[in-house]
Amino acid sequence: MYRNDTMWKKILAAGTALAGIFLIYLWIGGALILQLTVPVAEETSDRAGTERFYSQELSSDRVALIHERVESKKMRTHLKETADESLDVTMFKITDGTADLLFYTSLLEAADRGVHVRVLVDGMFHNLRGDKSDIAEAFMYHPNIELKFFEPVNLWKPWSLNNRLHDKLIIADDRFGMISGRNIGDRYFAPTGFDGATDDRDAVVYNPSGASYENSGVFQMQDYFNLVWNHEYAQEAVPEMSGTQRETAEDRLQELRRQYAQFQEEYGLLYNNDYEWENSTYEVNNVTFVHNPLGRMNKDPWVWKDLIGLMEEAEESVIMQSSFIIPSDTLTNHINAENLPADVQMITNSLAATPNLPTFSRYASYREDLAASQADVYEYQETRKSIHGKSYVFDNRLSAIGSFNLDPRSVHLSTESMLVIDSEDVNKELRAEKVLLIHEESLRVKEDGSYEDNDNVEKEEPPVTREAGRRIWTAITFFFEHLF
10 MYRNDTMWKK
20 ILAAGTALAG
30 IFLIYLWIGG
40 ALILQLTVPV
50 AEETSDRAGT
60 ERFYSQELSS
70 DRVALIHERV
80 ESKKMRTHLK
90 ETADESLDVT
100 MFKITDGTAD
110 LLFYTSLLEA
120 ADRGVHVRVL
130 VDGMFHNLRG
140 DKSDIAEAFM
150 YHPNIELKFF
160 EPVNLWKPWS
170 LNNRLHDKLI
180 IADDRFGMIS
190 GRNIGDRYFA
200 PTGFDGATDD
210 RDAVVYNPSG
220 ASYENSGVFQ
230 MQDYFNLVWN
240 HEYAQEAVPE
250 MSGTQRETAE
260 DRLQELRRQY
270 AQFQEEYGLL
280 YNNDYEWENS
290 TYEVNNVTFV
300 HNPLGRMNKD
310 PWVWKDLIGL
320 MEEAEESVIM
330 QSSFIIPSDT
340 LTNHINAENL
350 PADVQMITNS
360 LAATPNLPTF
370 SRYASYREDL
380 AASQADVYEY
390 QETRKSIHGK
400 SYVFDNRLSA
410 IGSFNLDPRS
420 VHLSTESMLV
430 IDSEDVNKEL
440 RAEKVLLIHE
450 ESLRVKEDGS
460 YEDNDNVEKE
470 EPPVTREAGR
480 RIWTAITFFF
490 EHLF
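Quick note, in my numbering, the sequence shown goes up one by one and the last residue is 493.
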C-alpha cells in the first residue's frame, strides 16, 4: 500500500511538472516571443506612396455605406440571394443565437440554387464545435459548399495561436463586394431597443461592369480571398467524413432548409428586397483594397503604414473611429507627429459602453496621456449598446473602412483589411455620421481623465463592479499588452 501511494505521488508530481513545463512553453511561444520581437516605431516608417489611392477620373465601381444594424442584415441576405455563380465569405467570429442560423441557412439556400459557396472562418472563433459541429459536416457534405478554418488551434505550435483571421468579407459573383467590422452575432444586427446591441458599418462595392472592369475593388477583394483561401494556414473543416457523419450531415441539411423556410415567415422583411443600385450608391473615383501580409508572429504592418501615410498627407483633418484603442509606441509617435493636421479626432467606447473590459483596461492605462496628445479623444456614452466600427476620414476626399482597430493586434498580429475610397460623397456621409456621434453621443476626454461638458450628452456612470473589474484586468493584462 505504501509503495502504491509513493508511486502515485511520483506520477502526480511528474504530471504537475510536465503541465508546468508545457504552460511555460505556451507562454514563451505564444506570448513572450511576440512581445520581445515587436518592431520599433522607426522600422514601420517605410511604406508605399499614397498616390495609388487617388484617381482624377470616375471609376466604374460605385459604393454604398450601411450603418443600421437591421439594414446590414437585409443587405447581406440580398447579396446571397442575388449570387448566381459564386459566393465567398470570410468571417472572424460567430456566436450562438438567431443571426448565426440566418447566416448558415442563407448560405445553404444559395448553394441549393447551384451557387459555388466558399466559407473561410477563423480557426479559433468559428463556434462550429460541440452541438454545432454537425453544421460544419453538413456544409462539407454539400456538393456546392466548401468550408475552411484559418489557422485551427494547435497548442503544439503556440506561435500560431495569435495568427487570427480578422477579415469580414462577402463577395458575390464579380458584381458585389462587402467589407465590414461586424461579426456574426445577434447584437450586430439587433433591432432598436436590444440590450447589448453593437453598432458597426459596412461598405458595399457595386461593380455594374462585371468582368469587363478588371480594376474593380470587387476583384481586388476576390484576389485577396483567393490568396488566403489557398494558403497553407487555411485547412478543410472536416478533412474526411465517416458514413455516420454523412447520414447526420444530410439530416442537418434538411433541418437547415426547414429553418430557412421558417425564417422567411418570421423575418420576412429580411428577404427578397430589391435595391436600385444606381440610386443607392455613390460614384467614386477609386476603390483600393489594402490588407496585412499573411504570416505568423509579428507581421509587417502594411495597413498601418498606409493609414500613417494618409494621416500625414491630410492637410485639414483626420477622424478615426475604433472600437478599441491601445496606443502602442508606434501609434503614439505618429499621433504626436509634427506633420499631422491640426484637427485630429479619435472616437472609441467609454467604460460604460465597452463590451470588452480586458482590452479597455489597456486603453485606460494610456487614456490621460492620449487625451494630452495632439488628438482630441471622444468616448461614446451608453450603457445598453456599444460602437464597433473601424473607419477613418481624411480631409474631404478619402475614407477607409474595414476591420482594422487602433491596437497592436491589428497592427502586427491579425489579418486585417480595409477599403480606401476616393469619393467626396462617401467622405461627406461618413464625416457627417462621425460628427453626429461626437457631438450627440460622446464626450471629450480632458488631460486629467475627466470629461468636457456637453449640453447634448450626459456622462454614463458604469457600475462600481465594472470599474473594479477594469482595475483587475489592468494588472492581468500588463504583461500581455501586445496581444490586445
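Just so you know, even glycine gets a beta-carbon here, dropped at the ideal spot from N, CA and C.
| Query | Result |
| --- | --- |
| V435 and S68 closer than 8 Å at C-beta | no |
| Nearest-angstrom Cβ-Cβ length linking K146 and A258, presumed shorter than 8 Å | Rather than Lys, the amino acid found at residue 146 in this sequence is Glu. About 5 Å separates the two Cβ atoms, so the contact holds. |
| Distance, G24 Cα to K18 Cα | 10 Å |
| Contact check, Q390 vs I447, beta carbons under 8 Å | no |
| Buried or exposed by the 16-neighbour rule on C-beta atoms within 10 Å, applied to S400 | buried |
| Straight-line gap, P367 to P417 (C-alpha atoms, nearest Å) | 14 Å |
| For L43 and M16, the rounded distance between their alpha carbons | 40 Å |
| Uninterrupted alpha helix (DSSP H) stretches inside the segment 421-464 (no shorter than 4 residues) | 433-450 |
| Bridge partners - N295, DSSP secondary structure assignment | D431 |
| Exposed unless 16 or more other CB atoms sit within 10 angstroms - verdict on P152 | exposed |
| Residue burial classification, S412 (beta-carbon count within 10 angstroms, cutoff 16) | buried |
| Inter-residue CB distance, F101 and D131 (contact presumed, cutoff 8 Å) | 5 Å |
| Inter-residue Cα distance where the pair is S64 and I430 | 10 Å |
| Endpoints, alpha helix (DSSP H) assigned at Y401 | That residue, Y401, is in no alpha helix (DSSP H); its beta strand (DSSP E) goes 400-403. |
| Neighbourhood of S337 by C-beta, 6 Å cutoff - its chain only, sequence neighbours within 5 removed | P417 |
| Nonlocal neighbours in the same chain, by C-beta distance under 7 Å from T114, ignoring five residues either side | L265, Q268, Y269, F272 |
| Nearest neighbour of L407, chosen from H125, D105, E321, L422 [CA to CA] | E321 |
| Beta-carbon gap between V454 and E388 smaller than 8 Å | yes |
| Reduced DSSP secondary structure (H/G/I, E/B, other) of S337 | coil |
| Y269, DSSP secondary structure in three states | helix |
| DSSP state of L137 mapped onto helix, strand, coil | coil |
| Nearest residue (CA-CA) to N216, options F185, F369, A384, T357 | F185 |
| Buried/exposed call for T53, threshold 16 Cβ in 10 Å | With a pLDDT of 45 at T53, under the threshold of 50, the modelled position of that residue is not reliable, and no figure is offered here. |
| Supposed contact pair S332 and I396 - C-beta distance, whole angstroms, cut 8 Å | 6 Å |
| Best match in A373, T474, F487, M230 for proximity to E456 [C-alpha to C-alpha] | A373 |
| Cβ contact check for the segment 231-242 and the segment 196-213: 3 or more pairs under 8 Å | no |
| Status (buried if at least 16 other CB within 10 Å, exposed otherwise) for T207 | buried |
| Buried or exposed by the 16-neighbour rule on C-beta atoms within 10 Å, applied to T46 | exposed |
| With 16 other Cβ atoms within 10 Å as the buried cut-off, status of V473 | exposed |
| G411 (DSSP reduced to helix, strand or coil) | strand |
| Pair within 8 Å by beta-carbon distance, S370 and W482 | yes |
| Contacting residues, own chain, Cβ-Cβ under 6 Å from I334 (five flanking each side not counted) | T357, Y372, L415 |
| Extent of the continuous alpha helix (DSSP H) run through L523 | With the chain represented from 10 up to 493, any question about residue 523 goes unanswered, as that position is not in the structure. |
| Simplified DSSP state of Y387, which is helix, strand or coil | strand |
| Beta-carbon proximity list for Q231, same chain, < 8 Å, skipping 5 on both sides | D97, I180, D183, G186 |
| Beta-bridge partners of H300, as assigned by DSSP | S426 |
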